[in-house]
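Peer 1: The sequence shown begins at 9 in my numbering and counts up one residue at a time.
Each residue gets a CB set at the ideal place from its N, CA and C atoms; glycine is no exception.
Sharing a structure below in C-alpha cells format, with a few things to ask.
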Amino acid sequence: MVELLAPVGNKEALIAAVEAGADAVYLAGKSFGARAYASNFADEELADAVRFSHLRNVLVYVTVNTLVDDSELPELVRYLRYLYEISVDAIIVQDVGVAKVAKEVVPSLPIHASTQMTIHNLEGVKLLTELGFKRIVLAREVSLSDIQTICEKTDTEIETFVHGALCISYSGQCLMSSMIGGRSGNRGRCAQPCRLPYTLIDDNNNEVLAGSDVGEYLLSPKDLNTLGLIPEFIQAGVKSFKIEGRMKRPEYVAVVVDTYRRAIDSYLASPGNYEIDQQDIKDLAQIFNRDFTTAYLKGKQGHLMMSDRRPNNRGVRIGRVLQYDSRKKTVTIKLDEPLSQNDILDFWVKVGGRVSATVSKIIVDGQETTYAPARKEVVLPLSSPVKANDRVFKVFDAKLMDRARGFFEHNEKTRIAINAEVKVSAGRPMIISLTDADGYNSKVSTEFIAEPALKRPLTVDTITKQIDRLGNTMFKLANLTCEIEDPVMVPLSEINDARRRAIKELEEARLAKFRRPLLENDDLNIGFYSQVNTSKVKKPAKPYLTVNVDTVEKAISCLENGADIIMFGGDSYNHKATTDDDYKRVVALAREKEKEVILSTPRIIKEWQKDAVRRNLELFKELEPDAVSVLNIGTLELTRDLNLKLHGDYSLNIYNSAAVEFCQGLGFNSITLSPELTLSQVERIVGRSELLTECLVHGFMELMVTEYCTMGSYLGGLHKGQCNQACQRGQYMLKDRKGIKFPLVTDQYCRMHVLNSKELSMIPHTPKFGEIGVNRIRIEGKQGTVEYIGKVTKLYRDILDQGQKHPVFTNSGLLERYENDITRGHYFRGVL
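As C-alpha cells, this is what we get:
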C-alpha cells in the first residue's frame with residue numbers, strides 16, 4: 009500500500025490535505041522545523057492537529073529537521089517527549105545528534121531520515137536502518153532506476169518527492185543562504201538565494217550568455233511534477249509519495265493532494281488503463297508552477313530543468329494581446345483558455361517586465377459577462393499599456409480557488425457515517441449505541457431514568473433530531489433504529505448530553521490504536537545536555553595543521569611549507585580523477601616527511617560510482633593512511649570490514665555534542681565540525697568531545713554541490729544527452745545583482761561546486777583555536793594555485809609556531825597582503 013504524504017503549514021492546510029485524500033501529513037512545531045517561515049503549530053495546536061488527523065485515520069509526521077545547538081538540547085528533550093505523548097506517528101530528522109537524543113529519550117518513537125541527510129545510495133539506507141531509522145527520504149537527485157535498485161534491496165520504507173519546488177543543491181549540503189546572509193537552510197531559515205538573478209561570466213569578466221534568450225535565474229529550477237511517473241514509482245517499490253509545500257497556501261495543498269490522490273487510486277484500480285486527465289495537468293499548473301520538470305528521475309536535462317526566466321509562479325498562458333486601446337484603456341485578447349471574473353492576469357510585456365491586473369469586467373461580442381470560454385476574443389479594462397502579441401498568463405484562477413477552498417471551508421468529505429441504536433423504556437435509562445463505518449463503537453446511558461410520559465411522549469422523529477445534531481463532529485448519521493417500549497419522557501438536554509458522551513467515547517475508540525504507553529523515568533536526567541564537561545578538554549600544545557588538496561603538486565608544496573597533515577583526493581576541482589599513482593605518491597611523500605595523510609572520498613557516491621569507490625577503498629587499505637575521510641553516511645557503510653581509521657568531514661553537519669557522540673559510536677576517530685558554528689559553540693562542543701576535532705580556518709568554502717552544471721547546461725549541450733565539457737575551456741563564475749562573483753568548479757563526476765565569493769581567513773585568530781581545545785585547523789586548498797596554497801600554509805605554520813610573536817599580529821600591512829576580500833565565516837556572527 010502506497011502512502012500519499014501532504015505538506016501542512018497551518019490549520020487550513022491540514023484540513024485541506026485530509027479532506028483531499030492524504031494518507032499522512034508532515035508538519036512542524038514552532039521550533040526545530042526546516043520551514044521556520046511557515047505558520048507552523050504551537051504545542052497545543054500540534055496536539056489538536058494529531059487528534060484531528062488520527063480521528064480520520066491520517067498519520068502525522070513532525071519535522072525535527074534542523075541542526076540543533078547544544079544550548080537547545082534540553083528543550084529538544086522536552087519537545088521529543090511531548091511529541092511522543094501526543095502520539096505523533098514519526099519524527100523527520102536531519103541532525104544525527106537529534107536522532108541520537110531521540111533514541112535515548114523516546115526509543116519507540118519512529119524516526120524518518122530527512123532528505124537533508126543527503127541519503128542517495130543503498131549503503132546510506134542500510135546504515136540508517138541498522139541504527140533504527142524506519143524510513144528514508146531519498147535525495148531528489150536519485151534517479152528512478154536507482155530508486156528501484158534501492159527498494160529491491162531493502163525492506164526499509166522509501167519516501168520520495170513527487171511534486172513541488174526543487175533545491176538546486178543537494179539538500180543538507182547548501183551553505184549559500186548561510187554564508188551570504190546568515191540565514192541557514194540547515195537551521196530552517198533559507199533565504200532562497202537560488203531564486204535570485206545571476207550572470208554567467210568567464211575569467212575575463214565577459215558575460216558569456218549575453219545576446220542569447222537565456223534568462224537571469226541561472227540557479228532556479230522548475231517545479232517537480234511526476235504525475236506521469238506514478239506507475240513507475242509504484243512499480244519501483246516506493247512507499248511514500250511526498251508533496252513539497254509547507255510554505256504554500258491551503259488551496260495549493262488541496263489541489264495537488266486531490267490530483268495525486270485520484271491519480272494513484274486510478275492506477276491501483278486499473279494499472280493497464282492509467283491515463284492522465286489533461287484538466288489535472290492544467291489545474292496543477294494553474295495553482296502554482298515555475299514550469300514543470302521530472303528533474304533527475306530520468307537523467308540530467310540541462311537547461312530544460314531550469315526556470316531561468318522567472319523564479320516564481322508563472323501561471324498558465326491563456327492567450328495573446330490583439331490590441332490595446334490607450335484612449336479607452338482596454339485590452340483585447342484572443343483566448344486559448346477560459347477566463348472568469350476575478351481571475352488575475354500577468355501580461356509579459358517586452359519592455360518593463362510584467363503588467364498585472366484583476367479581471368473586473370469581461371466584454372464578449374459587445375456584451376458584459378462573468379465568463380468567457382476558450383477561443384473567444386475578450387475586451388478587458390487595463391490601465392497600463394501593453395502591445396500586440398504580448399503573452400497573457402493567468403496567475404490566479406478564481407473558480408479553481410473556490411473549488412480548492414471547498415476542501416477546507418466545508419469539511420464534509422471525510423465525515424464518517426455512523427449507525428445509531430437507541431433503546432428506552434420507563435424506569436430505565438436511555439441507552440445510545442453508535443457504530444461507525446470502520447467498526448468502532450460506543451455505548452452510553454443517560455443519567456436520567458425514563459419516566460412515563462404525561463403529555464408529550466418521545467417519538468422517533470424527536471430522538472432522530474437530537475442524535476443527528478453532529479454538525480461540529482466528524483460524523484454523519486447514516487441510520488437510526490429506535491426501540492421505544494412505553495410512552496416515555498426523557499429531557500432533550502439528557503439526550504444531547506448522552507449523544508455528546510457517545511461521540512466522545514467513539515472518538516476515543518478510534519484514537520486508541522494510535523496511543524503509546526506512558527514514558528517511564530519522567531524525571532529523566534538530561535544533565536549531559538545542559539552541562540559542559542570541561543574535564544574532557546584536552547588542550548593541545550598547538551593545533552595540527554591540515555591542508556586539503558586535490559593534486560600531487562599542491563601536496564608537495566604544502567608538505568614543504570609545514571603542513572602536519574595532508575588531506576588528499578575525493579572531489580577534484582580540476583575535473584580529473586585522482587589516480588592510484590597519485591594516492592601512492594602522496595602517501596609516500598607524507599611518510600618521507602614523517603607527516604600524516606588522510607585520503608578522502610567523494611561527497612556524493614551514486615550507484616554508478618560505487619565500484620570505483622570500492623576499488624579506491626581497497627587501495628587505501630593497502631596504503632594504510634592515518635585516516636580515510638567520510639563525507640556521507642553511505643561511505644561509512646562502504647568502509648565496513650576494511651579496518652580503516654575514519655575521519656568525519658564537515659558535510660556530515662556535526663553541529664552539537666550529541667552528533668559528536670553519534671560519530672564516536674560509529675567508529676570515527678576525528679571529525680571536522682560544521683562551519684556554521686561560532687567559536688563559543690565550538691568551545692562548548694570541544695569541551696564534551698572525546699574525538700579529535702578539526703575546524704576550517706582558510707580557503708574558499710563550498711556553498712553548493714549540485715548535479716546541475718550551469719556551463720554544461722547552457723554552453724555544453726547537456727540537454728541533448730551529451731556534454732562537450734565547456735567547463736574545461738576556462739574559469740567561470742556567477743555574478744549576482746550586487747556584482748559579487750561566485751567561482752564555479754566541476755569535479756571528475758561532472759558535478760558543479762559553487763564556491764563562496766570571499767575566502768575564509770582566520771589568520772589573526774589562529775591562536776584562539778588552540779586555546780579552546782581544537783586539535784586541528786584546516787586550510788581548504790583545492791581552489792588556488794600551487795604557489796598561493798604553499799604561501800598560505802607557510803603563514804599558518806609560522807603563526808602556530810611563533811604565536812603572538814609572529815609579525816602578522818604587529819604589522820597590519822603584512823596581514824592585508826593575505827586578507828584581500830575575506831570573510832571570518834560564522835565564527836563570530838553565527839547563523840539564524
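Leaving aside the five residues before and after K142 along the sequence, list all residues of the same chain whose C-beta is less than 8 Å from its C-beta, in chain order.
Peer 2: Excluding residues within five positions, the ones whose Cβ falls inside 8 Å are A98, P118, I119, H120, T164 and E165.
Peer 1: Nearest to I471 by alpha carbon, out of F456, G223 and E491?
Peer 2: Checking every option, the nearest Cα to that of I471 belongs to E491.
Peer 1: Examine the Cβ distances between the segment 607-618 and the segment 631-649 and report whether three or more of them are shorter than 8 Å.
Peer 2: Segments in contact, yes.
Peer 1: So, for A293: in the same chain, excluding its five sequence neighbours on each side, which residues have a beta-carbon less than 6 Å away from its beta-carbon?
Peer 2: So the qualifying residues of the chain are V324.
Peer 1: On the three-state DSSP scale, how would you describe K584?
Peer 2: Here K584 sits in coil by DSSP.
Peer 1: From C175, K402 and E455, pick the residue whose C-alpha is nearest to that of A365; which is it?
Peer 2: Closest option to A365, Cα to Cα, is K402.
Peer 1: According to DSSP, which residues form a beta bridge with L232?
Peer 2: Partner(s): G172 and T301.
Peer 1: Between the segment 457-477 and the segment 495-503, do at least 3 Cβ pairs fall closer than 8 Å?
Peer 2: They touch, by the three-pair rule.
Peer 1: Could you tell me whether the segment 394-411 touches the segment 334-347, using the rule of 3 or more Cβ pairs below 8 Å?
Peer 2: These segments touch.
Peer 1: Evaluate G105 with the Cβ neighbour count: other Cβ atoms within 10 Å of its Cβ, from every protein chain shown; 16 or more gives buried, anything less gives exposed.
Peer 2: Result: buried.
Peer 1: Can you tell me whether DSSP reads G479 as helix, strand or coil?
Peer 2: Here G479 sits in coil by DSSP.
Peer 1: According to DSSP, what are the bridge partners of H773?
Peer 2: Answer is none; H773 lacks a bridge partner.
Peer 1: Run the CB neighbour count on N18, radius 10 Å, all protein chains shown included, and call it buried at 16 or more, exposed below.
Peer 2: It is buried - the Cβ of N18 has at least 16 other Cβ atoms within 10 Å.
Peer 1: Is it the case that the Cβ atoms of G724 and L768 are separated by a distance below 7 Å?
Peer 2: Contact: no.
Peer 1: Rounded to the nearest angstrom, what separates F415 and E27 at their Cα positions?
Peer 2: Approximately 6 Å, taken between the alpha carbons.
Peer 1: Look up H761 in the DSSP assignment and give the residues it is bridged to.
Peer 2: Its beta-bridge partners are V713 and V753.
Peer 1: Is Y225 helix, strand or coil when you go by DSSP?
Peer 2: In this structure, Y225 counts as coil in the three-state DSSP scheme.
Peer 1: Is it true that the CB of T422 sits closer than 7 Å to the CB of P437?
Peer 2: Contact flag unset, no.
Peer 1: To the nearest angstrom, how far is the alpha carbon of L842 from that of L823?
Peer 2: Lying before the first or after the last residue shown, residue 842 is absent from the chain, which here runs from 9 to 840.
Peer 1: Could you compute how far the alpha carbon of P772 sits from the alpha carbon of Y804?
Peer 2: Near 10 Å, if we compare the C-alpha coordinates of Y804 and P772.
Peer 1: In the DSSP assignment, find the unbroken alpha helix (DSSP H) run with S501 in it and report its ends.
Peer 2: Note, S501: alpha helix (DSSP H), L500 to L519.
Peer 1: At which residues does the alpha helix (DSSP H) containing T157 begin and terminate?
Peer 2: Note, T157: alpha helix (DSSP H), L152 to E160.
Peer 1: Whose C-beta lies closer than 6 Å to the C-beta of G240 among residues of the same chain, with five residues either side of it excluded?
Peer 2: Sequence inspection shows Glu at residue 240; the Gly mentioned does not correspond to that position. Around E240: L152.
Peer 1: What is the DSSP secondary structure of S543, counted as helix, strand or coil?
Peer 2: Below a pLDDT of 50, predicted positions are generally treated as unreliable, and S543, at 47, falls in that range; no measurement from the model is reported.
Peer 1: In chain order, what residues of the same chain have a beta carbon less than 6 Å from the beta carbon of D829, not counting five sequence neighbours either side?
Peer 2: Contacts found: K766.
Peer 1: Could you pull the start and end residues of the beta strand (DSSP E) that L67 belongs to?
Peer 2: It spans L67 to V72 - the beta strand (DSSP E) in which L67 sits, taken as one unbroken run.
Peer 1: Less than 7 Å between the beta carbons of S95 and F522, yes or no?
Peer 2: Contact flag set, yes.
Peer 1: To which residues of the same chain is V540 closer than 7 Å at the C-beta, ignoring the five residues directly before and after it?
Peer 2: With a pLDDT of 48 at V540, under the threshold of 50, the modelled position of that residue is not reliable, and the figure given next carries that caveat. Around V540: R692, G695 and R696.
Peer 1: Pull up the CB-CB distance for R362 and D354, whole angstroms please, since I reckon it's below 8 Å.
Peer 2: Yes, they are in contact, since the Cβ atoms of R362 and D354 sit about 5 Å apart, within 8 Å.
Peer 1: Where does N233 land, buried or exposed, given buried means 16+ other C-beta within 10 angstroms?
Peer 2: Buried: at least 16 other Cβ atoms inside 10 Å.
Peer 1: Is it buried or exposed for T467, if we count other Cβ within 10 angstroms and need 16 for buried?
Peer 2: Exposed is the call here.
Peer 1: Going by C-alpha to C-alpha distance, which of F296, L235 and A244 sits closest to E283?
Peer 2: It is L235.
Peer 1: When you compare the CB positions of G172 and C182, do they come within less than 7 Å of one another, or not?
Peer 2: No. Outside cutoff.
Peer 1: Identify, in the order they occur along the chain, each residue of the same chain with its Cβ nearer than 7 Å to the Cβ of D476, setting aside the five sequence neighbours on each side.
Peer 2: These residues qualify, in order along the chain: L485.
Peer 1: Nearest-angstrom Cα distance between A620 and T586?
Peer 2: A620 and T586: Cα-Cα distance of roughly 11 Å.
Peer 1: Measuring CA to CA, which of D410, D405 and W356 is closest to S865?
Peer 2: Since the displayed the chain opens at 9 and closes at 840, residue 865 lies outside it and no answer follows.
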